[in-house]
Amino acid sequence: MESLNLASKPSGARFRADGPSYADLARFAAAQGDLFDAAEEPIACFCGD
């Protein structure tokens with residue numbers, strides 16, 4: 656977990672008392688894959704129309 660810059664002695668801090676710890680959130684973010692495949696054609700954006 657050193658690559659994620661997690662403390663060697665975690666404090667157990669949480670964003671919310673009923674949610675995952677910061678370390679769990681960091682692990683989830685590191686393991687999360689891309690939403691779209693890089694080979695797929697991009698979706699057109701109509702944000703300004």
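Sequential numbering from 656 applies to the sequence shown in the numbering used here. C-beta atoms are modelled at their ideal positions from N, C-alpha and C, and glycine is treated no differently.
Within the DSSP bridge table, the entry for R669 names S676 as partners.
CA-CA distance, I698 to Q687, rounds to 21 Å. Take the alpha-carbon of F670 and the one of F691: they are about 28 Å apart. In the structure shown, the three-state DSSP call for F691 is coil.
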